[in-house]
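Below is one structure; the comments refer to it alone.
In the working numbering, the protein residues as written are 1 to 102.
Structure below.
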């Protein structure tokens, strides 16, 4: 082949490496975090509605968590939202137990 476009010498395409995916735009990543945080805040005053809000936040977060591979940029926010959703469930369960013990 004598086409100069086919020559790989000196065009530095190989040195660039593979393109990196932008996982920060994964669906449910940011809304899941904010809804999970809202669920934790609401759990302090209204435990039962916080379960609903926390479940919605957990749904959004799991949607993003399943898509984003481990170690990829954007995975940390999904993990933080999962922790917030777990804290919401733990807080609501503690409030229910304390209410039953009174």
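Cβ atoms here follow ideal geometry from the backbone N, Cα and C, with glycine treated the same way.
Minimum C-alpha distance to residue i - residue among the options
i          : options        : result
residue 37 : 60, 23, 26     : 60
residue 43 : 101, 100, 86   : 86
residue 50 : 100, 92, 68    : 92
residue 32 : 67, 99, 58, 66 : 58
residue 64 : 100, 102, 78   : 78
residue 94 : 68, 28, 46, 24 : 46
Nearest-angstrom beta carbon gap, residue j and residue i [assumed within contact, 8 Å]
i          : j          : result
residue 26 : residue 71 : That pair is no contact at about 14 Å.
residue 30 : residue 39 : So it is not a contact: roughly 15 Å between Cβ atoms.
Buried or exposed (CB count within 10 angstroms, at least 16 for buried), residue i
i          : result
residue 35 : buried
residue 90 : exposed
residue 88 : buried
residue 96 : exposed
Residue i at chain D interface by Cβ criterion, 8 Å
i           : result
residue 102 : Within the model displayed, chain D is absent; a lone protein chain is all it includes.
**OP:** Return the chain-ordered ranges of every alpha helix (DSSP H) run that is complete within the segment 25-63 and spans a minimum of 4 residues.
**Re:** 29-45
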